[in-house]
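Numbering (the numbering used here), first residue to last: 3 to 132.
C-beta atoms are modelled at their ideal positions from N, C-alpha and C, and glycine is treated no differently.
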Amino acid sequence: MYILRCRARDRGRSHPGGLFWPDVDQLLAPLIGHRSILTHSVLAPLLLLTVWRHRVTAPTVAWFSFGIATHLVADLLPRAWVGFALVQLPLGLGNLGSLSPLWIGGNALVALWLCEWLLRHEGLAITRLH
Ligand SMILES: [Zn+2]
Numbered sequence: 003m004y005i006l007r008c009r010a011r012d013r014g015r016s017h018p019g020g021l022f023w024p025d026v027d028q029l030l031a032p033l034i035g036h037r038s039i040l041t042h043s044v045l046a047p048l049l050l051l052t053v054w055r056h057r058v059t060a061p062t063v064a065w066f067s068f069g070i071a072t073h074l075v076a077d078l079l080p081r082a083w084v085g086f087a088l089v090q091l092p093l094g095l096g097n098l099g100s101l102s103p104l105w106i107g108g109n110a111l112v113a114l115w116l117c118e119w120l121l122r123h124e125g126l127a128i129t130r131l132h
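Pasting the structure below:
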């Protein structure tokens, strides 16, 4: 079993932001489609860590990433992998088809790993395998 421990006060307010971030694509649906590959990925946390790293803290990005992971795990359970369940490419270029679950699951794992890595690096979490 894998355990992630952190102090309650370190659990950030950015978690809800990450939880709802992927569905921001609905505001831009004509351009990027719903379940966009751009928002249903770890792209946003990676951009925060690189482009805006002077404006955000590592714990903020960590919990934002955890929120995205939570959203993506929920997205892994559609009734069927058809229509809106499929990950959309931008500009109407189609969708990932049968690779959609792999994309969403893989990004969920990376987002979870990123959260753990950032918190451990900041000394805000203790993780270990049992
Ligand atoms: Zn979604």
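Count the other CB atoms within 10 Å of the CB of residue i; is the residue buried (16 or more) or exposed (fewer)?
i            : result
methionine 3 : Residue placement at methionine 3 is flagged as unreliable, the pLDDT there being 47, under the threshold of 50; the coordinate-derived value follows with that caveat. Its Cβ having fewer than 16 others within 10 Å, methionine 3 is exposed.
histidine 17 : buried
proline 92   : exposed
valine 84    : exposed
valine 89    : buried
arginine 37  : buried
glycine 35   : buried
valine 44    : buried
Nearest to residue i by CA position, among the options, is which residue?
i                : options                    : result
isoleucine 70    : Val53, Gly125, Trp115      : Trp115
phenylalanine 86 : Arg57, Gly19, Asp27, Phe22 : Asp27
glycine 94       : Gly19, Leu40, Gly20        : Leu40
According to the Cβ coordinates, are residue i and residue j closer than 8 Å?
i            : j              : result
proline 32   : histidine 73   : no
proline 47   : leucine 78     : no
histidine 42 : asparagine 109 : yes
Hey, is residue i close to ligand 1, as in C-beta under 7 Å from one of its heavy atoms?
i            : result
arginine 37  : yes
proline 24   : yes
histidine 73 : yes
glycine 56   : Strictly speaking, residue 56 in this sequence is histidine, with glycine absent from that position. Histidine 56 Cβ: outside cutoff for every heavy atom of ligand 1.
histidine 1  : No statement about residue 1 is possible, as the shown extent of the chain runs from 3 to 132 and does not include it.
I want to know whether the segment 56-70 touches the segment 119-129 - three or more CB-CB distances under 8 Å. yes
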